[in-house]
Amino acid sequence: MSMVIYHTSILPGFEYTLKKAVETTPFWAEKFKGIELEEFAPENLAELTERITIRPHDLYETDKVWPDYIREGRLFHAVMRTSGTTGKPKRVPFTQDDKRRTARQMKPWVEKYFEKGERVASFFPPLPSSSGNFALSGLEFNGAGVAYFQVPITYLQNRELLLRELNDIRPTSIWALTATAYNLGLILPEKLREDVRTIVVGGETLTPELAKATLELFPNAVIIDNFGSTEDDVTGFRTVDKKGATPFHFGESVLVLEDTGDEDYPEYKRLYINKVMREGELTGLPLFNYDIGDLARVEKGEVVSIIRVKDVVVLSGAKLHIDQVMEIVYGHPELKDFVILYYPLTPENPKPKAVIRVAYEGKRPAGIEDEVRELIYEANNPVRYEVEEAKSSELIVEAVPIERLREGLPIRPGKTKRIYVFGKDF
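Everything in the sequence shown is counted per the numbering used here, starting at 6 for the first residue and increasing by one.
Okay, structure coming up:
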């Protein structure tokens, strides 16, 4: 069964977006050929995901997926670079109207949580990255009275430089990838942590356990958890505080959620994104049923969390979702962090393997590897079957001191990862 989620205020814009996309973009002119646009509603998108869809690899065909006003250079646009799930760079145009749209997507939480004089320390990569564009545009075009400090992301690898910078800034808000925000809480002095009132995160799955651990480190903060992509800006958000989390709010997009066919996890839905402009706007990249591969976790008809596609490890068909590992690690009093080393199924590697490296601080917890492995099996019976019974894949848990967690892993400034895939990153 499919679900379609949108705010009714976008309906006039949806009609305009559809007509403008078909008029200006060869890709969409072909996809919607023979369909009566006058009667087309957001609900129809759920019936046509086989035909009306676009995937990351399609974005390389810029002569087809970019609208004519971009291809012919008729208006100013920045071109953002993203690799995402395809492994090689994709180029996405970003116009002034995209900036305005991003500001509208962020407006509810910017207006609620940001007072004049807020000091934002941003650990997103510098422009022209999509994260940097969204952060700056969302504040600027909302007219927020905020000081925005772009912190060199390489400072995360040098504690002395990092602390010197943050002592100068005295931030009241930290903007970073999800794991980065938590790790900052482990190393910042108490006074800096107490000053932080908002933590704006995205790019990685945020579980209740990770949120709780982060809020314990930043006692006066609320978390703004953004679901965004270079292609659709800040599609949705939720807020998380010590009392719990709100469902996701989607203000400028239409979301189609479709059953995955996985009977073991019926609450996970395949997520398709539809980008909606407002009358007269020209955004850089029209999108209908963008199949980025991400999954939405739905409870009682509400999207309560979003699992990023890069956060899934496949072991002989059994899926190990990173949120399951996060729930175990951040819910354990003696564990601080983790990474996963993933050896996918290839002709050279007939037996896929995942090595979960968990980190502790101080004394090594006795029997921790077996405990974590058993908790994973309890949460995920298909993985237990593939590893223990079918023996068609491997799951290894190794515990290391926190300072050795990322030992031997590739460090690429500007890109924090949880899963390191052998054959791609190594």
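Note that CB positions come from ideal geometry on N, CA and C, so glycine has one too.
Residues sharing a beta bridge with residue i, DSSP
{"i": "L276", "result": "L262"}
{"i": "E399", "result": "K358"}
{"i": "M6", "result": "Paired residue(s): none; M6 is not in a bridge."}
{"i": "G208", "result": "According to DSSP, which records beta bridges pairwise, G208 is partnered with nothing at all."}
{"i": "N231", "result": "G207 and F242"}
{"i": "P98", "result": "V84"}
{"i": "Y295", "result": "I59 and I278"}
{"i": "A323", "result": "L320"}
{"i": "A404", "result": "V363"}
{"i": "H12", "result": "H12 is not bridged to any residue."}
{"i": "G249", "result": "D246"}
{"i": "F255", "result": "G241"}
Unbroken beta strand (DSSP E) run spanning residue i, endpoints
{"i": "S310", "result": "E307 to I312"}
{"i": "G241", "result": "D238 to D246"}
{"i": "A149", "result": "Where A149 is concerned, there is no enclosing beta strand (DSSP E), given that its DSSP letter is neither H nor E."}
{"i": "F427", "result": "That residue, F427, is in no beta strand (DSSP E); it is neither H nor E in DSSP."}
{"i": "Y74", "result": "Where Y74 is concerned, there is no enclosing beta strand (DSSP E), although the alpha helix (DSSP H) it sits in stretches over D73 to R76."}
{"i": "Y347", "result": "L340 to Y348"}
{"i": "A301", "result": "L300 to E304"}
{"i": "A126", "result": "E123 to S127"}
Residue nearest to residue i in terms of C-alpha spacing, selected from the options
{"i": "V363", "options": "G372, E35 and E383", "result": "G372"}
{"i": "P338", "options": "E307, V377 and I204", "result": "V377"}
{"i": "Y365", "options": "V227, G190, V405 and E412", "result": "V405"}
{"i": "K95", "options": "L300, T235, M331 and Y347", "result": "T235"}
{"i": "E77", "options": "E44, T29 and M85", "result": "T29"}
{"i": "I278", "options": "T265, D246 and T240", "result": "T240"}
{"i": "E44", "options": "K104, T67, R56 and P17", "result": "P17"}
{"i": "P131", "options": "P98, V27, M85 and N163", "result": "M85"}
{"i": "D267", "options": "R302, F242, N294 and S397", "result": "R302"}
{"i": "L340", "options": "D299, E408 and D103", "result": "E408"}
{"i": "I311", "options": "A46, T265, R275 and I345", "result": "R275"}
{"i": "V308", "options": "F343, Y347, E48 and L260", "result": "L260"}
{"i": "F242", "options": "G249, R164 and G233", "result": "G233"}
{"i": "Q101", "options": "G289, K196 and D237", "result": "G289"}
{"i": "F154", "options": "N386, I192, V125 and F129", "result": "V125"}
{"i": "Y295", "options": "E272, D238, P194 and I345", "result": "D238"}
{"i": "T67", "options": "E55, D269 and V97", "result": "V97"}
{"i": "R198", "options": "Y270, N225, E412 and W180", "result": "N225"}
{"i": "G285", "options": "Y11, D103 and A83", "result": "D103"}
{"i": "T87", "options": "D269, R369, T54 and S134", "result": "S134"}
{"i": "A384", "options": "P47, A395 and Y270", "result": "Y270"}
{"i": "Y425", "options": "F343, E263, E393 and E353", "result": "F343"}
{"i": "A152", "options": "E165, L166 and S178", "result": "S178"}
Cβ shell of residue i (< 6 angstroms), same chain only, five flanking positions each side left out
{"i": "P349", "result": "P357"}
{"i": "K121", "result": "G150"}
{"i": "F431", "result": "Per-residue confidence for F431 stands at a pLDDT of 42, beneath the threshold of 50, marking its modelled position as unreliable; no derived number is given."}
{"i": "P418", "result": "Because the pLDDT of P418 is 36, which lies under 50, any placement of that residue in the model is unreliable, and the question is left without a value."}
{"i": "Y118", "result": "T203"}
{"i": "V115", "result": "N147 and A149"}
{"i": "P31", "result": "K69"}
{"i": "A51", "result": "S7, V9 and V261"}
{"i": "I57", "result": "K36, F293 and N294"}
{"i": "Y347", "result": "V318, A359, I424 and V426"}
Nonlocal neighbours in the same chain, by C-beta distance under 7 angstroms from residue i, ignoring five residues either side
{"i": "E487", "result": "Past the boundaries of the shown model lies residue 487; the chain is included only from 6 to 431, so the question cannot be answered."}
{"i": "V388", "result": "L320, A323, L325, I381, Y382 and L400"}
{"i": "T13", "result": "none"}
{"i": "A402", "result": "It should be noted that the sequence gives Val, not Ala, for residue 402. So the qualifying residues of the chain are I361, V363, E374, V377 and R378."}
{"i": "V156", "result": "A126, S127, F128 and E170"}
{"i": "T421", "result": "Low per-residue confidence applies at T421: pLDDT is 44, beneath 50, and the placement is therefore not dependable, though the value from the model is reported in the following sentence. Closer than 7 angstroms at Cβ, skipping near neighbours: L182, A184 and T185."}
Terminal residues of the alpha helix (DSSP H) in which residue i lies
{"i": "N138", "result": "S135 to E145"}
{"i": "E180", "result": "Reading the sequence as shown, one finds Trp at residue 180 and not Glu. No alpha helix (DSSP H) holds W180; the beta strand (DSSP E) holding it covers S178 to L182."}
{"i": "R198", "result": "E195 to D200"}
{"i": "A216", "result": "P213 to L222"}
{"i": "Y335", "result": "I327 to Y335"}
{"i": "V377", "result": "I373 to A384"}
{"i": "E41", "result": "No alpha helix (DSSP H) holds E41; DSSP gives it neither H nor E."}
{"i": "L287", "result": "Note, L287: premise wrong, no alpha helix (DSSP H); not H, not E."}
{"i": "L167", "result": "R164 to I174"}
{"i": "T54", "result": "Segment: none, T54 is in no alpha helix (DSSP H) and carries neither H nor E."}
{"i": "D68", "result": "T67 to V70"}
Contacting residues, own chain, Cβ-Cβ under 8 angstroms from residue i (five flanking each side not counted)
{"i": "T22", "result": "K280, V281, M282 and P291"}
{"i": "T212", "result": "S310, D328, M331, E332 and Y335"}
{"i": "Y74", "result": "T29, L80 and L287"}
{"i": "K24", "result": "L42"}
Any non-hydrogen atom of the ligand MG within 7 angstroms of residue i CB
{"i": "A140", "result": "The ligand MG is not among the ligands present in this structure, which contains no ligands whatsoever."}
Any 3 or more C-beta pairs closer than 8 angstroms across the region 160-174 and the region 133-150: no
Touch test, the region 26-40 against the region 251-259, Cβ-Cβ under 8 angstroms, three pairs minimum: no
Three-pair Cβ contact test at 8 angstroms for the region 101-113 versus the region 52-61: no
Inter-stretch contact (C-beta, 8 angstroms, three-pair minimum) for the region 222-233 and the region 192-209: yes
Validate contact between the region 173-187 and the region 203-223 using beta carbons, cut 8 angstroms, 3 pairs: yes
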